[in-house]
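Number of protein chains: 2
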Amino acid sequence: MKYPETLNNLIDCFKHLPGIGEKTAERLALSLLDADDSMINLFSTSLANVKQKVKRCSKCHSYSEKELCEICENEDRNKNIICVVETPKDVVSLEKIGSYKGLYHVLDGLISPMTGKNPEDLNINSLLDRVKKENIKEIIFVLTPNIEGETTSLYITKKINNDNIIISKIAHGVPLGANMDYVDSLTLEMALENRTRISNS
Amino acid sequence: MKYPETLNNLIDCFKHLPGIGEKTAERLALSLLDADDSMINLFSTSLANVKQKVKRCSKCHSYSEKELCEICENEDRNKNIICVVETPKDVVSLEKIGSYKGLYHVLDGLISPMTGKNPEDLNINSLLDRVKKENIKEIIFVLTPNIEGETTSLYITKKINNDNIIISKIAHGVPLGANMDYVDSLTLEMALENRTRISNS
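If you read the protein sequences in the order shown, they are chains F and G.
Going by numbering that gives the first Met the number 0, the first sequence opens with residue 0, and the numbers climb by one from there.
Going by numbering that gives the first Met the number 0, the second sequence opens with residue 0, and the numbers climb by one from there.
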C-alpha cells in the first residue's frame, strides 16, 4: 500500500470494524478527506470518549452515561413491569416503537451451555434481586425465539417462582407484510397454534 | 433514539459516511464499545489528523504527508514515463500491481462539460509544465473508458503536441476470467478490433 501513514492507519482501523472489507475501508477513509472539519472533530472526540463515557446503568444494565439510565430515572415510567431483553440494542429497538412504558432489564446474552454461557455469566441474579426488592407485577420476555431464548426464559421463570407475578413472552407468528411463500413451517405452526379470534359483531 | 449522547453522536458520524445506513451505523458504533483501547486511540488520532497531515504531492498531486510523495522522491523510479490517472486512489491500485516503475500525475477528475468540469479545473497545466521541464519520453493514460476519459486524453494529447513523446492508453477488452455471456457488445467490439497476434513458432 502506498497511502501516507495516517491514511493507512485510518483504513486499517475501518477494516477492524465488523462487515467492513478492504475496499470499503479504503472508500470510507478517503471520504473523510473531503468531510467537514466539524464532523471530523465530533467523530474523533466521540470515538475517543465513547468507551470511558458510555457505561452500563447499575440497575437495568442498559447503556448510560450516568449511574442510572434515563429510563430507570424517569418517574413517568410504569415501575411495575420489567421487559427482559438480550442486549442494550434491544432496549433502543423497543423504545423506537414508543408504546411500552415500563422498565427494562438487559441480560447481556442467553443461557447457552454449548458456547459456555451459564446463568451466572448473565445479569440474572440482579434481575431476581430487582423482582424481590422492587414492586414488580409483570415480566415480559423479549428474547430471540430459539432454544437458548426458551431455555433462558424458562430458567428465570422457575427461579422467580412467584404466582403473583404475571410472566409472558412476546407473540411469535407470521410477520406483518410477509410473503406467505417464504414463511418457514415452524413459524407457521406456531402462528396456527397461537391464532387469535376475530370477534363477530 | 435512546442511546447516550456520545454513542448517538458516533452513530450520526458513521451515518454521514458513504454507503452507511442507519442500521449499519448503529452496528459499527456499538462494535467500538468492545474494541481495544489501543485501536480506539489510533482510530481517533488518525481521524483527527488525517485532514491536516494528508496533503497532495506538489508535483504529481497524489496523497502525501510531505511536500513530495514517496514515488516522486524515489531515485529508482523511471523519471521518463508519466502515468496519467484520475484520482490518488488509482495510483495505489497501480502500485499494487508492482510492475510499473515510472511516475504518476493525478488529474483530479475528467473533462466533463455536462457537470461543469473544464480543463482548467483539472491538474492539466501542471502536467503540461512537467512535460516541458522534465525529460518525459512516454505518457500512458489510465482513465475511465468513457466519453469523458477519451475527451480528456485527446485534449491533453493535442496540448502536448510533441512527436518525440510516445503517448498511449491502456488496452480495453474482455477482462481475464470473465464469463463471455456477460461481456457487453461495445467491449467485445473493442476487444475484436484490438486483437493481438498469437505467434506461430
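We treat Cβ as the ideally placed atom computed from N, Cα and C, and that holds for glycine.
Here the structure is a predicted model, which is why all the values come from computation and not from measurement.
- Query: Per DSSP, what kind of secondary structure is F:Val-91 in: helix, strand or coil?
  - Reply: Looking up residue 91 of chain F in the first sequence gives position 92. Of the three classes helix, strand and coil, the one that applies to F:Val-91 here is helix, per DSSP.
- Query: Going by other Cβ atoms of all chains shown within 10 Å of its Cβ, with 16 needed for buried, is G:Gly-148 buried or exposed?
  - Reply: For the purposes of this step, residue 148 of chain G is taken as residue 149 along the second sequence, with counting starting at 1. When all chains shown are included, G:Gly-148 counts as buried.
- Message: Between F:Asn-124 and chain G, is the shortest Cβ-Cβ distance under 8 Å, so that the two count as touching?
- Response: Along the first sequence, read from residue 1 onward, the residue named residue 124 of chain F stands at position 125. So, not an interface residue.
- Task: Answer yes if the region 36-43 of chain F comes into contact with the region 56-72 of chain F, meaning at least three C-beta pairs across the two stretches below 8 Å, and no otherwise.
- Result: no
- Message: Once DSSP output is grouped into helix, strand and coil, what is the label at G:Arg-26?
- Response: As a working mapping, residue 26 of chain G is identified with position 27 in the second sequence. Looking at G:Arg-26 - three-state DSSP - the assignment turns out to be helix.
- 8 Å Cβ cutoff, F:Phe-42 in contact with chain G: Position 43 of the first sequence, counted from the first residue, corresponds to residue 42 of chain F. So yes, F:Phe-42 belongs to the interface.
- Could you list the residues in the region 21-41 of chain G with a C-beta less than 8 Å from some C-beta on chain F, going in chain order? Thr-23, Glu-25, Arg-26, Leu-27, Ala-28, Leu-29, Ser-30, Leu-31, Leu-32, Ala-34, Asp-36, Met-38, Ile-39, Asn-40, Leu-41
- Task: Have a look at G:Leu-109, G:Asn-160, G:Asn-145 and flag the residue whose alpha-carbon is nearest the alpha-carbon of G:Leu-127.
- Result: As a first step, residue 127 of chain G must be located in the second sequence, where it is residue number 128. Of G:Leu-109, G:Asn-160, G:Asn-145, the residue nearest in Cα terms is G:Asn-160.
- Buried or exposed by the 16-neighbour rule on C-beta atoms within 10 Å, applied to G:Ser-45: Residue numbering aside, residue 45 of chain G sits at position 46 when the second sequence is read from its first letter. Answer is buried; the Cβ neighbour count reaches 16.
- Message: Do G:Val-49 and F:Leu-9 have their beta-carbon atoms positioned less than 8 Å apart in this structure?
- Response: Stepping through the first sequence from its first residue, residue 9 of chain F is reached at position 10. Stepping through the second sequence from its first residue, residue 49 of chain G is reached at position 50. Yes, they are a contact pair.
- Message: Can you give me the C-alpha to C-alpha distance between G:Ile-135 and G:Asp-162, rounded to a whole angstrom?
- Response: As a first step, residue 135 of chain G is located in the second sequence; it is residue number 136 there, counting from the start. As a first step, residue 162 of chain G is located in the second sequence; it is residue number 163 there, counting from the start. Cα to Cα, G:Ile-135 sits roughly 12 Å from G:Asp-162.
- Measure from the C-beta of G:Pro-174 to each C-beta in chain F and report whether the shortest distance is under 8 Å. The residue given as residue 174 of chain G occupies position 175 in the second sequence. By this cut-off, G:Pro-174 is not an interface position.
- Task: For G:Cys-68, name the three-state secondary structure that DSSP assigns.
- Result: For the purposes of this step, residue 68 of chain G is identified with residue 69 of the second sequence, where counting begins at 1. G:Cys-68: coil per DSSP, three-state reduction.
- Query: Over what stretch of residues does the alpha helix (DSSP H) that includes G:Tyr-103 continue unbroken?
  - Reply: In the second sequence, residue 103 of chain G corresponds to position 104, counting from 1. First-last for G:Tyr-103: 102-105, but that is the beta strand (DSSP E), not the alpha helix (DSSP H).
- Message: Alpha carbons only, please: which of G:Ile-165, G:Lys-132, G:Thr-186 is nearest the one belonging to G:Pro-174?
- Response: For the purposes of this step, residue 174 of chain G is taken as the residue at position 175 of the second sequence. With distances taken between Cα atoms, G:Pro-174 lies closest to G:Thr-186.
- Roughly how many whole angstroms lie between the Cα atoms of F:Ser-167 and F:Ile-197? As a working note, residue 167 of chain F is residue 168 in the first sequence. As a working note, residue 197 of chain F is residue 198 in the first sequence. When rounded, the distance between both Cα atoms is 22 Å.
- Query: Would you report the Cα separation of F:Val-105 and F:Cys-12, rounded to the nearest angstrom?
  - Reply: Here residue 105 of chain F refers to the residue found at position 106 of the first sequence. Here residue 12 of chain F refers to the residue found at position 13 of the first sequence. C-alpha separation (whole angstroms): 29 Å.
- Message: Could you check whether the Cβ of G:Ala-190 sits closer than 8 Å to any Cβ belonging to chain F?
- Response: Here residue 190 of chain G corresponds to residue number 191 of the second sequence, with the count starting at 1. So no, G:Ala-190 is outside the interface.
- Query: Going by alpha carbons, who is nearest to G:Glu-85 out of G:Ile-164, G:Cys-68, G:Asp-120?
  - Reply: Residue 85 of chain G sits at position 86 when you count from the first residue of the second sequence. Of the candidates G:Ile-164, G:Cys-68, G:Asp-120, the one whose C-alpha sits nearest the C-alpha of G:Glu-85 is G:Asp-120.
- Item | Delimiting residues of the beta strand (DSSP E) encompassing F:Ser-152 | To locate residue 152 of chain F, count along the first sequence from 1; it is residue 153. Per DSSP, F:Ser-152 belongs to no beta strand (DSSP E); it is in the alpha helix (DSSP H), 146-159.
- Message: Counting beta carbon pairs with one atom in the region 68-86 of chain G and one in the region 101-118 of chain G, are three or more of them shorter than 8 Å?
- Response: yes
- Query: Just how far apart, CA to CA, sit F:Asn-122 and F:Val-90?
  - Reply: One-based indexing of the first sequence puts residue 122 of chain F at position 123. One-based indexing of the first sequence puts residue 90 of chain F at position 91. Each residue's alpha carbon lies about 15 Å from the other.
- Please list the partners that G:His-60 has in chain F, where partner means a Cβ-to-Cβ separation under 7 Å. Position 61 of the second sequence, counted from the start, is the residue given in the question as residue 60 of chain G. Chain F residues near G:His-60: none, gap ~13 Å exceeds 7 Å.
- Task: Could you tell me if G:Lys-22 is buried or exposed, where buried requires 16 or more neighbouring beta carbons within 10 angstroms of its beta carbon?
- Result: In the second sequence, the residue the question calls residue 22 of chain G occupies position 23. Answer is exposed; the Cβ neighbour count stays below 16.
- Please report how far the alpha carbon of F:Lys-58 lies from the alpha carbon of F:Glu-66, in whole angstroms. As a working note, residue 58 of chain F is residue 59 in the first sequence. As a working note, residue 66 of chain F is residue 67 in the first sequence. If you take the alpha carbons of F:Lys-58 and F:Glu-66, they lie about 8 Å apart.
- Query: So, is G:Pro-144 buried or exposed, given that buried needs 16 or more other C-beta atoms within 10 angstroms?
  - Reply: Translated into the one-based positions of the second sequence, residue 144 of chain G becomes position 145. Under this definition G:Pro-144 is an exposed residue.
- Message: Within the continuous alpha helix (DSSP H) that includes F:Cys-12, where are the two ends?
- Response: The sequence position of residue 12 of chain F within the first sequence is 13, counting from 1. Looking at the DSSP string, the run of the alpha helix (DSSP H) that includes F:Cys-12 is 4-14.
- Under the rule that 16 or more other beta-carbon atoms within 10 Å means buried, what is F:Ala-28, buried or exposed? Working through the first sequence from its first residue, we reach residue 28 of chain F at position 29. The residue is buried, with at least 16 neighbouring Cβ atoms inside 10 Å.
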